[in-house]
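If you're matching positions, the sequence shown starts at 1 in full-length UniProt numbering and goes up one per residue.
All C-beta atoms in this analysis are idealised placements derived from N, C-alpha and C, irrespective of residue type, glycine included.
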Amino acid sequence: MRLRVPTALFVLALAGCSQEPSPIDDPSAAPAPEPTLPVQALPDTPRDSWTECPYLDTEWVAQTNGQRVTGVGTDTRFNPPACQFWSYPEEPQLTVLVRHMDSVEDARAVVDFVAPVDLTQPATLPGGWDGGRHGGGDVPGRIGAAYAVAKGPTAVAVFTNQHESVKAETVAKEVIANLAL
């Protein structure tokens, strides 16, 4: 069927007259804010996934932590995504979190969760980063070591299934450098 020009213009005019923008079409409608994750939130990724970490190279992680990587997962509830690297053991070989919190106190609370003051040693990095570290076996109920530091409202936390916190520290330094924190 062929429409003549006046008929086509009339149909187009009717189509455009009475439509109100829906919330989906309205560019001023802001998306609902994501709920704030609690200080103790940890990533949850499947061990058989393979989603590259946006700020850590997988081969670098394998060399640094001393284990072959058999899976990589990212948890996008965190911004930037939290990364977990898997190997043969049940637990992740490496878990990395970068938390941009609402306050300095909240960032400090993240560090205190990862490296409880009464069970860990102090940790510092150049540029004003400070927090805590612990080796494997130092914190009851945890496997491996951890390193966590904060600067302002930002916290960087690394858990490793290795016993030496120096590996977690090396990863934290790389994360801070790669993300220019």
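Going by beta carbon distance, what residues of the same chain come within less than 7 Å of residue i, once the five residues before and after it are set aside?
i	result
residue 175	55, 56, 96, 98, 156
residue 87	67, 68, 69, 70, 93
residue 124	130
residue 50	71, 72
Taking the alpha helix (DSSP H) that residue i falls in, what are its first and last residues?
i	result
residue 106	104-114
residue 177	165-178
residue 62	58-65
Out of the options, state which residue places its alpha-carbon closest to the alpha-carbon of residue i.
i	options	result
residue 132	141, 125, 147, 118	147
residue 130	90, 163, 145, 172	172
residue 37	117, 123, 75	75
residue 144	47, 91, 170	91
residue 80	154, 167, 160	154
residue 82	48, 52, 137	52
residue 161	178, 128, 84, 78	84
residue 127	177, 63, 49, 40	177
residue 179	59, 110, 108, 100	100
residue 39	119, 108, 122	108
residue 134	63, 159, 110	159
residue 111	142, 59, 49, 149	149
residue 152	167, 142, 181	181
residue 77	41, 65, 106	41
Identify the residues that DSSP records as bridge partners of residue i: which are they?
i	result
residue 205	Only positions 1 to 181 of the chain appear in the structure, and residue 205 is not among them; the question remains open.
residue 123	131
residue 160	94, 145
So is residue i buried or exposed if we call it buried at 16+ other beta carbons inside 10 Å?
i	result
residue 103	exposed
residue 165	buried
residue 169	buried
residue 137	exposed
residue 73	buried
residue 140	exposed
residue 117	exposed
residue 43	buried
With a CB to CB cut of under 6 Å and the five nearest residues on each side skipped, what residues in its chain are close to residue i?
i	result
residue 31	Caution applies to residue 31, whose pLDDT of 38 falls short of 50 and renders its modelled position unreliable; the model cannot decide the point.
residue 10	Legend: pLDDT at residue 10 = 38, less than 50; position of this residue unreliable, no value from coordinates given.
residue 45	73, 75, 84
residue 59	none
Which stretch, first to last residue, makes up the beta strand (DSSP E) that contains residue i?
i	result
residue 72	71-75
residue 84	82-86
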